[in-house]
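Q:
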Amino acid sequence: MTLVPLVEDDLPFVRDVYNYFTAHTMVVYYFDPIDVEEVRTFLPVGDPHYHSFIIRTDAGERAGFCFYHPWNTRPAYRISVEITVYLAPGFEGRGLGPQAMDALEEDIRRNGYRNIVAIIDGGNAASAHMVEKCGYRRCGVIRNVAQKNGQLLSSLIYQKELVP
Ligand SMILES: CC(C)(COP(=O)(O)OP(=O)(O)OC[C@H]1O[C@@H](n2cnc3c(N)ncnc32)[C@H](O)[C@@H]1OP(=O)(O)O)[C@@H](O)C(=O)NCCC(=O)NCCS
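According to the working numbering, the sequence shown holds residues 514 to 677 in order.
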């Protein structure tokens, strides 16, 4: 597995992965398919401070993407980032997610950040298991904070402090 910097041409792939999980799961909090312009509102491309990557298998397949962006835009929060990792359908369950998390963390450390935050839907057991395995600590639950298809959803908040 390698992380390759994500470029403009990858945005339709990102859109398609989001739209798959929007339609088939509760882990994405959109109701309807999104377009590339919407992807640009949250995924940094070519930003010097916040990076996005394609997750490539050793065979060169585009298996997913991951990125980090500001946890909060107020200046005092500049020491912290929020991460996101998605595998395309068919690439789950073979360890690519945790490997991508570790590689992403290396890039975040190189850029001098102090905290990584991950927000996970309360029903996303695979994702919660993955971040715990990668050393994240659960520091909160916001109960029934979202609603999709009539179902109330809770958000789990995870943190990893990058102290030497
Ligand atoms: C979540 C995701 C990134 C995990 O990556 P992955 O490569 O599939 O992860 P792995 O195969 O290493 O599985 C991680 C661990 O979770 C476990 N796991 C898998 N499904 C599980 C489930 N439903 N409940 C509990 N644990 C589960 C695996 O057994 C594994 O544990 P182990 O390493 O101790 O054996 C990936 O499955 C994915 O992209 N899913 C869809 C999108 C998504 O939910 N993204 C995260 C949004 S916050």
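Quick reminder that beta carbons are idealized off the backbone N, C-alpha and C, glycines included.
Give me the Cβ distance between P546 and T538, rounded to the nearest whole Å; I'm assuming they're in contact under 8 Å.
A: P546 to T538, Cβ: 14 Å. No contact.
Q: Relative to the C-alpha of G577, which candidate in S593, A631, G610 has its C-alpha closest?
A: G610
Q: In three-state terms, what does DSSP make of G606?
A: It is coil, neither helix nor strand.
Q: Given that a residue counts as buried once 16 or more other Cβ atoms are within 10 Å of its Cβ, and exposed if not, what is D684?
A: Given that the chain is displayed from residue 514 to residue 677, the structure contains no residue 684 and the question cannot be resolved.
Q: For E645, write down the residues that DSSP places opposite it in a beta bridge.
A: None, per the DSSP bridge assignment.
Q: Is the separation between the beta-carbon of Y563 and that of I592 shorter than 8 Å?
A: no
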